[in-house]
Amino acid sequence: GNLVCPAAFDLGEAAKVAILSVTEGEDKPLKYPDLFAAAGLVLLNKSDLLPYLDYDLPRALDCLRRVNPHAPVLTVSGQENRGLKDLWAKILEHREKMSATGQFQARRQAQPDLHRALVGGRLGARQHRAQPALFLVHA
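Now the structure itself:
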């Protein structure tokens, strides 16, 4: 039940976006390096709380740059509707670039096969753990 776990796997998504919440500390990129290293975009979330927190923004950015020196960072706040238009513009820009090269359609077409393989593998492993003898008979 952890959303960080699939960070290292290709799930068929068109992009990986990491969310760095200011309420969770500056060290998250170092604690979850796979997530932040794979991100093509990092959102600094809950920025409206910065005046009320002892949050070291330069340290947070330094931690991020250690694992991903190139990911752009957008500062957002859902509470204050800050940065959301910029986020939407980035999403549309990314989709446009992928569509122009055919990557977007290729990823969309590959998703069902990828998801079937992921789900089938997990269900097969779960069935094997639950009833190993039955699994072997049907394998």
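For the sequence shown, this note's numbering assigns the number 66 to the initial residue and increments by one for each residue that follows. Virtual Cβ for every residue (Gly too), placed ideally from N, Cα, C.
Sub-8 Å separation of residue i and residue j beta-carbons
i: Y120; j: E78; result: no
i: D178; j: S142; result: no
i: A136; j: G105; result: yes
i: L139; j: K155; result: yes
Residue from the options with nearest C-alpha to residue i
i: K81; options: H159, A171, D127 and Q170; result: H159
i: A103; options: V132, R172, K150 and G148; result: V132
Alpha-carbon to alpha-carbon, residue j and residue i
i: F175; j: Y117; result: The question names Phe, but residue 175 in the sequence shown is Ala. Going from the Cα of A175 to the Cα of Y117 covers about 45 Å.
i: F25; j: K93; result: In this structure the chain extends from 66 to 204, so residue 25 is not present and cannot be described.
i: R124; j: A165; result: 37 Å
i: L199; j: L157; result: Confidence at L199 is low in this model, with a pLDDT of 46, below 50, so the placement of that residue should be treated as unreliable; the coordinate-derived value is given next. C-alpha separation (whole angstroms): 48 Å.
i: W153; j: N146; result: 12 Å
i: G66; j: Y97; result: Here the model assigns G66 a pLDDT of 38, short of 50, so the residue's position is not dependable, and the following value carries that caveat. Cα-Cα distance, rounded: 15 Å.
Cβ of residue i within 8 Å of any chain B Cβ
i: C128; result: Among the chains of the structure shown, chain B does not appear; only one protein chain is present.
Quiz item: Do the segment 106 to 124 and the segment 78 to 89 make contact, defined as three or more Cβ pairs closer than 8 Å?
Solution: yes
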